[in-house]
């Protein structure tokens, strides 16, 4: 099955999050998801099927925290207040979201509850934050 055929088929996973955010979040189409992935996640190598390879990448910060407070702390250091963020989950069946960084901060706990792993791409800063449940966060610059 192609990524396009399976993309976004389980929006119920993020339904609570979307209800809290409302129209301020944009659910990305498969084409939009793949476009944002091409300039962010796809520039990293991978370790296994769902981890970024940080070898040779400018790592800005690692955090053992794996909760909303830990994510908010990272965002306060790395993101501009008006920045656009794209949230990807580890399963393409869950559609990605584009939203302002303030909403990511406000809904950090809800975002992390949507899956065991996610990646937040800070569009203007060119930074990706990887979240692996139980392991914490790694933030670094997107490789050129």
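In this note's numbering, the protein residues as written are 0 to 143. We put the beta carbon where it would ideally sit given N, CA and C, even for glycine.
Check your understanding: If residue 71 and residue 97 are in contact, beta carbons under 8 Å, what's the gap, nearest whole angstrom?
Key -> Going by Cβ atoms, the distance from residue 71 to residue 97 rounds to 19 Å, so no, they are not a contact pair.
Exercise for review: Output the distance between the C-alpha atoms of residue 11 and residue 40, rounded to the nearest integer angstrom.
Suggested key: 24 Å
**Study point:** Own chain residues within Cβ distance below 6 Å of residue 5, not counting five before or after
**Key:** Here residue 5 has 91, 92 as same chain residues with Cβ atoms under 6 Å from its own Cβ, once five neighbours each way along the sequence are excluded.
Check your understanding: By the 10 Å Cβ neighbour count, where 16 or more other Cβ atoms means buried, how is residue 0 classified, buried or exposed?
Key -> Low local confidence applies: a pLDDT of 45 at residue 0 is under 50, so the model's placement there is unreliable, with the coordinate-based value given in what follows. The residue in question, residue 0, is exposed, as its Cβ has fewer than 16 Cβ neighbours within 10 Å.
Point to revise | Straight-line Cα distance separating residue 128 from residue 37 | key: Cα-Cα distance, rounded: 16 Å.
Practice item. Between the Cα of residue 102 and those of 121, 115, 54, spot the shortest distance and give me the residue it belongs to. Key: Residue 121 is the option with its Cα nearest to residue 102.
Review point. CA-CA distance, residue 3 and residue 132?
Key: 26 Å
Practice item. Indicate whether residue 26 and residue 94 have their beta-carbon atoms separated by less than 8 Å. Key: Yes; because the gap between Cβ atoms is below 8 Å, this pair is in contact.
Practice item. Can you have a look at residue 57 and say buried or exposed, based on whether 16 or more other CB atoms are within 10 angstroms of its CB? Key: exposed
Review point. From residue 88 to residue 80, what does the alpha carbon distance come to, in whole angstroms?
Key: 23 Å
Check your understanding: What separation, rounded to the nearest whole angstrom, lies between the Cα atoms of residue 142 and residue 35?
Key -> 14 Å
Review point. Assuming residue 83 and residue 32 make a contact with CB atoms under 8 Å, what is their CB distance in whole Å?
Key: With a Cβ gap of about 14 Å, residue 83 and residue 32 do not count as contacting.
Check your understanding: Do residue 135 and residue 63 have their C-beta atoms closer together than 8 Å?
Key -> yes
**Study point:** For residue 140 and residue 125, the rounded distance between their alpha carbons
**Key:** 6 Å
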